[in-house]
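In order, the protein sequences belong to chains A and B.
Residues in the first sequence are numbered from 581 upward in steps of one, following my numbering.
Residues in the second sequence are numbered from 32 upward in steps of one, following my numbering.
Written out below as structure tokens is the structure these notes cover.
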Amino acid sequence: MKCNEIEQFINSYMELDENDPLRIEIEAHLFDCEHCSSLLELDYSTISFSEYPFDDTDIKGTNIDYINKHVMDRIYAEEAWYLPIATKSYQFSRNFRRNIAMIIASCLAMFSIALFVFIFDYKEDTKSTIAANVSGVVDIANANSINLVSSNIYKGQIPVASISDPIVMQVVPTFPQYYVALSLLGIIMTILLLNWFTRTRS
Amino acid sequence: MTDSQIIREIKDGNVELYSELMNRYQRRIMAFIYHMLKSAKLESLAEDLCSETFYKAYRSLHTFREIDATFSTWLYTIARNTVLSELRKQKAAYVSIEEVNMEPIISDAATPEQQLLINERMEKVREAINKLPEKQRSAIILREYEQMDYQEIANILEQTVSSVKSLLFRARASVKQQLEAYIEQDKSSDDYERMNQK
Ligand SMILES: [Zn+2]
């Protein structure tokens with residue numbers, strides 16, 4: 581809008597609705613144009629807001645750090661996995677850490693026992709395999725608690741070490757290897773669990 | 032680090048940087064919220080609303096697009112909406128003029144007379160601003176005290192630039208009117224004193 585256009589509305593624009601686009605246009609022009617606003621005797625130079633600043637002393641009393649901490653706590657409470665790792669490892673309580681240490685220790689003990697059993701039991705088993713090889717199907721007989729007498733009977737009658745038999749028998753000594761596999765799996769799980777613990781808050 | 036770099040880092044999961052972003056804007060947002068609440072005499076809520084604002088901003092950080100607004104403008108928008116919903120909740124968006132006038136002018140008797148007058152005027156300007164309707168008040172605080180440009184204010188108030196100028200025009204006219212009444216009253220009391228002295 582130009583100044584001469586404004587002049588014809590200047591005395592009546594106040595009667596327009598507050599949201600009337602024409603009124604908004606006129607007032608926007610009056611805001612920018614010193615010439616037109618002086619016609620309304622609205623001289624802004626008399627009010628200098630910068631001379632009358634808002635009093636900031638009221639705000640200085642507020643604890644900015646407190647607000648900051650409060651907001652961050654809320655964020656972390658909701659999204660715990662975002663917590664920086666350095667802070668997290670120290671969030672565990674003493675009890676919690678002791679329990680975790682105990683669980684890990686018992687896992688390790690189980691692992692070493694399994695390893696021990698594997699190494700020594702395996703040798704014994706190989707011996708029994710050799711023995712079994714001699715008698716053929718002896719182990720099946722043993723499992724049915726038919727002892728020496730019956731095996732003696734077999735010994736006498738069945739020829740030693742047929743070609744097909746050892747394949748069946750070797751299943752028995754491989755059994756302790758499952759312990760090793762299981763405990764390795766356990767260790768991997770423990771590491772994953774610990775990793776997960778470090779990413780959560782106590 | 033610029034704001035946008037920090038925001039990108041936060042979106043990538045580096046959440047602790049949000050604290051840095053807060054440090055940059057907290058004082059200004061706090062001041063804005065404080066002055067918005069003052070006319071409803073709810074300034075005690077400013078701290079809560081300030082932390083609410085920053086929390087909301089964090090929650091919707093993924094919707095923030097730099098093409099549309101700067102981060103500070105966006106924060107002021109959230110702050111204003113937070114204040115408005117609080118005021119609506121408190122059903123005290125506008126305090127009646129009588130109530131404001133009842134409030135005694137805070138003055139310090141120990142300061143010299145000149146200082147007293149300035150304080151009084153300052154208080155009058157603030158009072159006048161507090162009496163403005165919410166939109167005019169927001170506009171004038173953002174313009175005069177936060178030194179924002181018209182486009183930024185328009186974004187925050189969700190108005191056109193012309194509307195913002197119109198709001199500022201009304202606000203200034205209204206403040207001037209109120210101050211004139213005060214100055215005239217001041218003058219007439221001076222005249223009265225002078226007459227008495229004669
Ligand atoms: Zn003009």
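A virtual CB, placed ideally from N, CA and C, is assigned to each residue, including glycine.
Item: Listed from N- to C-terminal order along the chain, which residues in the region 54 to 67 of chain B have their beta-carbon within a distance smaller than 9 Å of any beta-carbon of chain A?; Value: Asn54, Gln57, Arg58, Met61, Ala62, Tyr65, His66
Item: Cutting at 6 Å between CB atoms, please list the residues of its own chain near leucine 198 of chain B, excluding the five before and the five after it.; Value: Lys166, Gln167, Ala170
Item: How would you label histidine 66 of chain B, buried or exposed, when you count the other beta carbons within 10 angstroms and need 16 or more for buried?; Value: buried
Item: Count the other C-beta atoms from every protein chain shown that fall within 10 angstroms of the C-beta of isoleucine 768 of chain A, then say buried if there are 16 or more, exposed otherwise.; Value: exposed
Item: For the candidate residues B/Lys87, B/Tyr49, B/Ser70, B/Lys207, whose alpha-carbon lies nearest to that of methionine 652 of chain A?; Value: B/Tyr49
Item: Along the alpha helix (DSSP H) that carries threonine 233 of chain B, what are the first and last residues, could you check?; Value: No answer is possible for residue 233 of chain B: the residues shown for chain B start at 32 and end at 229.
Item: How would you write the range of the alpha helix (DSSP H) that alanine 3 of chain B sits in, first residue to last?; Value: Residue 3 of chain B falls outside the range modelled here, since chain B spans only 32 to 229, and no answer is possible.
Item: Specify whether the region 643 to 652 of chain A and the region 79 to 88 of chain B touch according to this definition: at least 3 beta carbon pairs, one from each stretch, less than 8 Å apart.; Value: yes
Item: In the DSSP assignment, find the alpha helix (DSSP H) that holds glutamine 121 of chain B and state where it starts and stops.; Value: 102 to 121
Item: Drop a sphere of 10 angstroms on the beta-carbon of histidine 615 of chain A, count the other beta-carbons inside from all chains shown, and report buried for 16 or more, exposed for fewer.; Value: exposed
Item: With DSSP run on the structure shown, which of helix, strand or coil describes cysteine 687 of chain A?; Value: helix
Item: Would a check of beta-carbon distances place alanine 140 of chain B closer than 8 Å to chain A?; Value: Reliability fails at alanine 140 of chain B, whose pLDDT of 45 lies under 50, so the model's placement of it is uncertain and the value that follows must be treated cautiously. False, the Cβ-Cβ gap to chain A never drops below 8 Å.
Item: Let me check understanding here. Comparing Cα to Cα, which of A/Glu598, A/Met594, A/Gln588, A/Phe611 lies closest to arginine 203 of chain B?; Value: A/Phe611
Item: Is any non-hydrogen atom of ligand 1 found closer than 7 Å to the C-beta of isoleucine 586 of chain A, if you look at the structure I gave you?; Value: yes
Item: Can you find a C-beta in chain B that's less than 8 Å from the C-beta of phenylalanine 800 of chain A?; Value: This structure leaves residue 800 of chain A out entirely; chain A is present only between 581 and 782.
Item: Could you tell me if the beta carbon of histidine 66 of chain B falls within a distance shorter than 7 Å of some heavy atom in ligand 1?; Value: no
Item: Which stretch, first to last residue, makes up the alpha helix (DSSP H) that contains arginine 174 of chain B?; Value: No alpha helix (DSSP H) contains arginine 174 of chain B, which DSSP labels as neither H nor E.
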